[in-house]
Amino acid sequence: MKVILRNPRREVEMAGGRRVKEVLRELDILPETVLVIRGDELITPDQVVRDADTIELRPVMSGGSSPPNGPASRARVE
Amino acid sequence: MKCRKCGGTAVLELRRHNAAFCAPDFLDFFRNQVREAIRKYRMFEEDEHLLVAVSGGKDSLALWDVLIDEGYRTTGLYLDLGIFEYSVESRRKCETFAGGRNVPLIVASVSEEVGAPVPIIKDVTRRPPCSGCGLSKRYLMNRVALDHGLGVVATGHNLDDEAATLFGSITHWRTEALARQSPALPSTHAKLVRRVKPLYRLSERETAAYAFLRRIDYIVEECPFAKGATSIAHKEILSRMEEVSPGAKHNFLFGFLDKARAAFERAEAVELRECVRCGQVTTGTVCAFCKLADQVKRRT
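Chains as they are written, first to last, in the working numbering: chain A, 3 to 80; chain B, 6 to 305.
This is the structure in structure tokens:
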């Protein structure tokens, strides 16, 4: 199977005939942090991915901002 | 795996709800969670005109999509941070979305308002880029809302964002931040608009799934400055916790909101004034945004 990873985009070849959850485990990817896409559909962890399949593990976690420091910055609207 | 509601083939498992859903039933679940968030925190009225802060990412565009479908009157606000190709692409996503849904989009430029884009602000302030970026965004969201006579800004913060922020605030004991963390912040001054987070009940993966299933074209690439950000590290910690204990994240956040936040709020009272330069809200004499703009002006 071909596994497409993002951020940065790269491809990994793996043996097929395994469930999604095993693929994630082998790649050390937490299920909570990705969408698993096959074609134009989402697939669940119990789905078997075959040799000929291509799946994308699309990361969902974004970030970069922490709460502001100092008093009343809720409106750092200050 | 079967959909809990209809018994059809599921496309998404939600362990924290002990459920799996097919696409249509998941979209229903998602919308219901947004409705519940709006209801529980009385975020806005049905006939209110909402300013929706959009970045081109999955969360804010998903939020905008739901609000439009629910029949709310919305205007989008995109803040151009001037972060290279990332900003060019994310702006394009917002414009495409707005055009496709026939809804208005305001674009404000950090470069024009502060005097420099975020990459220059980073160098000038010698602080992490997220610092000047966050400051500018919060200031501009509020000011644009005021300029357009809008009383509420909705942002796409999700359960993972809020749980990670909470985690960071607790580990550093930022009690002022704990007092202010809420899915709905009221207006405590005439020049402070309400800020609401209607997606706070939904995890980042659920929001991504919604955007995917709705075929929303969002920017998948991360902000180039996000690499190594503390918030992402905190999200990873919480995701590991969620892996072994499904529901841990929402128990953490909702438990704080229901049982602990009030105590911090009572302890932290703040006096708000108006900045002598721009008139926006501050605890000091000159607001942090004007100070930032001064600093940029001096050094560029």
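Glycine included, each C-beta is placed from N, C-alpha and C at the ideal position.
In this structure, does DSSP put residue i in helix, strand or coil?
{"i": "residue 7 (chain A)", "result": "strand"}
{"i": "residue 265 (chain B)", "result": "helix"}
{"i": "residue 159 (chain B)", "result": "strand"}
{"i": "residue 123 (chain B)", "result": "helix"}
{"i": "residue 114 (chain B)", "result": "strand"}
{"i": "residue 239 (chain B)", "result": "helix"}
{"i": "residue 71 (chain A)", "result": "Residue confidence for residue 71 (chain A) is low, a pLDDT of 42 falling below 50, so the modelled location carries little weight; the figure read from the coordinates is stated next. Looking at residue 71 (chain A) - three-state DSSP - the assignment turns out to be coil, as it is neither helix nor strand."}
{"i": "residue 151 (chain B)", "result": "helix"}
{"i": "residue 305 (chain B)", "result": "coil"}
{"i": "residue 54 (chain B)", "result": "strand"}
{"i": "residue 279 (chain B)", "result": "strand"}
{"i": "residue 131 (chain B)", "result": "coil"}
{"i": "residue 271 (chain B)", "result": "helix"}
{"i": "residue 295 (chain B)", "result": "helix"}
{"i": "residue 23 (chain A)", "result": "helix"}
{"i": "residue 35 (chain A)", "result": "helix"}
{"i": "residue 44 (chain A)", "result": "strand"}
{"i": "residue 10 (chain B)", "result": "coil"}
{"i": "residue 76 (chain A)", "result": "The predicted model places residue 76 (chain A) with a pLDDT of 39, which falls under 50 and marks its position as unreliable, so this point remains unresolved."}
Residue i lies in the alpha helix (DSSP H); which residues open and close that run?
{"i": "residue 200 (chain B)", "result": "That residue, residue 200 (chain B), is in no alpha helix (DSSP H); its beta strand (DSSP E) goes 199-201."}
{"i": "residue 93 (chain B)", "result": "89-106"}
{"i": "residue 258 (chain B)", "result": "253-260"}
How close, in whole Å, do the beta carbons of residue i and residue j come, if the pair is a contact with beta carbons under 8 Å?
{"i": "residue 58 (chain A)", "j": "residue 6 (chain A)", "result": "4 Å"}
{"i": "residue 63 (chain B)", "j": "residue 213 (chain B)", "result": "5 Å"}
{"i": "residue 296 (chain B)", "j": "residue 120 (chain B)", "result": "In fact, because the Cβ distance is near 12 Å, the residues do not count as touching under 8 Å."}
{"i": "residue 47 (chain B)", "j": "residue 71 (chain B)", "result": "Not a contact, Cβ separation roughly 18 Å."}
{"i": "residue 82 (chain B)", "j": "residue 123 (chain B)", "result": "Not quite, the Cβ-Cβ distance comes to about 17 Å (not below 8 Å), so this is no contact."}
{"i": "residue 306 (chain B)", "j": "residue 180 (chain B)", "result": "Any property of residue 306 (chain B) remains undetermined from this structure, which presents chain B solely from 6 to 305."}
{"i": "residue 157 (chain B)", "j": "residue 56 (chain B)", "result": "7 Å"}
{"i": "residue 42 (chain B)", "j": "residue 203 (chain B)", "result": "5 Å"}
{"i": "residue 2 (chain B)", "j": "residue 18 (chain A)", "result": "Any question about residue 2 (chain B) goes unanswered here, given that chain B covers just 6 to 305."}
{"i": "residue 218 (chain B)", "j": "residue 31 (chain B)", "result": "7 Å"}
{"i": "residue 305 (chain B)", "j": "residue 112 (chain B)", "result": "Their Cβ separation, rounded to whole angstroms, is 22 Å, which puts residue 305 (chain B) and residue 112 (chain B) out of contact at 8 Å."}
Show which residues of chain A have a CB atom less than 8 Å away from the CB atom of residue i.
{"i": "residue 17 (chain B)", "result": "44, 46"}
{"i": "residue 43 (chain B)", "result": "Within 8 Å Cβ-Cβ: nothing; residue 43 (chain B) doesn't reach chain A, min ~20 Å."}
{"i": "residue 25 (chain B)", "result": "46"}
List the residues of chain A that residue i touches, going by C-beta distances under 7 Å, in chain order.
{"i": "residue 247 (chain B)", "result": "34"}
{"i": "residue 116 (chain B)", "result": "Those within 7 Å of residue 116 (chain B) in chain A number zero; the least Cβ separation is about 19 Å."}
{"i": "residue 225 (chain B)", "result": "8, 60"}
Could you check where the beta strand (DSSP E) with residue i kicks off and where it finishes?
{"i": "residue 17 (chain A)", "result": "Neither: residue 17 (chain A) is in no beta strand (DSSP E) and is coded neither H nor E."}
{"i": "residue 81 (chain B)", "result": "78-85"}
{"i": "residue 57 (chain A)", "result": "56-61"}
{"i": "residue 52 (chain A)", "result": "Segment: none, residue 52 (chain A) is in no beta strand (DSSP E) and carries neither H nor E."}
Identify the contact partners of residue i in chain B, using a Cβ-Cβ distance below 7 Å as the criterion.
{"i": "residue 62 (chain A)", "result": "209, 210, 213"}
{"i": "residue 37 (chain A)", "result": "210, 213, 214, 217"}
{"i": "residue 18 (chain A)", "result": "Result: empty, since nearest Cβ-Cβ is about 20 Å, beyond 7 Å."}
Chain B partners of residue i, CB-CB under 8 Å?
{"i": "residue 41 (chain A)", "result": "In chain order: nothing, as chain B lies at least about 12 Å away."}
Please check if any C-beta of chain D sits within less than 7 Å of the C-beta of residue i.
{"i": "residue 221 (chain B)", "result": "The structure shown has no chain D; the protein chains it does contain are A and B."}
So residue i contacts chain A; which residues on that side make the cut at Cβ distance below 9 Å?
{"i": "residue 244 (chain B)", "result": "32, 33, 34, 35, 63"}
{"i": "residue 6 (chain B)", "result": "46, 47, 48, 49"}
**Request:** With a floor of 3 residues, list each beta strand (DSSP E) that falls wholly inside the stretch 17-75 of chain B, ordered by position along the chain.
**Result:** 17-19, 24-26, 54-59, all fully within the stretch 17-75 of chain B.
**Prompt:** What are the start and end residues of each continuous beta strand (DSSP E) run of 3 or more residues lying completely inside the stretch 163-239 of chain B, in chain order?
**Reply:** Complete beta strand (DSSP E) runs here, min 3: 199-201.
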